[in-house]
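Using this note's numbering, read the sequence shown as starting at 276 and increasing by one per residue.
A virtual CB, placed ideally from N, CA and C, is assigned to each residue, including glycine.
Values in this document were obtained by computation on a predicted structure and should not be read as measured data.
Shown next, in structure tokens, is the structure this report addresses.
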Amino acid sequence: MTALLVLSLTLVGVAGTAVVVSASPERQVVTYSLFGLTLGVLFVVLQAPDVALSQLAVGAAIMPMMILLAIRTMQKDQKQQRDRDDS
């Protein structure tokens with residue numbers, strides 16, 4: 276194995292662990308996005324540029340935005356529910 280491949284695999288492992296260890300959902304989304312970037316780099320190292328491009332688009336951009344939108348919507352709904360319960 277080349278040093279670049281070992282480095283890429285290590286980065287993917289560290290980023291994946293960081294996603295799991297993160298406490299708040301917002302931080303998990305940010306680390307998930309970084310995890311998607313490291314996977315994209317790994318796919319480039321493994322000479323799969325088409326897969327890397329798809330990973331960058333979906334795993335590093337679209338999914339984190341969708342998850343953040345879902346988190347914000349849930350928080351807004353919970354706040355509205357609490358306000359109704361207080362009234």
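Three-state secondary structure (DSSP) at residue i?
i, result
"S362", "coil"
"T277", "coil"
"L331", "helix"
"A336", "helix"
"L317", "helix"
Measuring only the C-alpha atoms, how far is residue i from residue j?
i, j, result
"M228", "Q356", "Residue 228 lies beyond the residue range present for the chain, which begins at 276 and ends at 362; the question has no answer from this structure."
"Q353", "D361", "12 Å"
Given residue i, which residues of its chain have a CB within under 7 Å of its CB, disregarding the five upstream and five downstream residues?
i, result
"F310", "A290, G291, V294"
Identify, in the order they occur along the chain, each residue of the same chain with its Cβ nearer than 6 Å to the Cβ of residue i, setting aside the five sequence neighbours on each side.
i, result
"L312", "A335"
"G315", "A327, Q330, L331"
Among the residues of its own chain, which have a CB less than 8 Å from the CB of residue i, if the five just before and after it don't count?
i, result
"T306", "A290, A293, V294, S297"
Could you check how far apart the C-beta atoms of residue i and residue j are, in whole angstroms? I think they sit under 8 Å.
i, j, result
"L328", "V287", "The Cβ separation is near 17 Å, so there is no contact."
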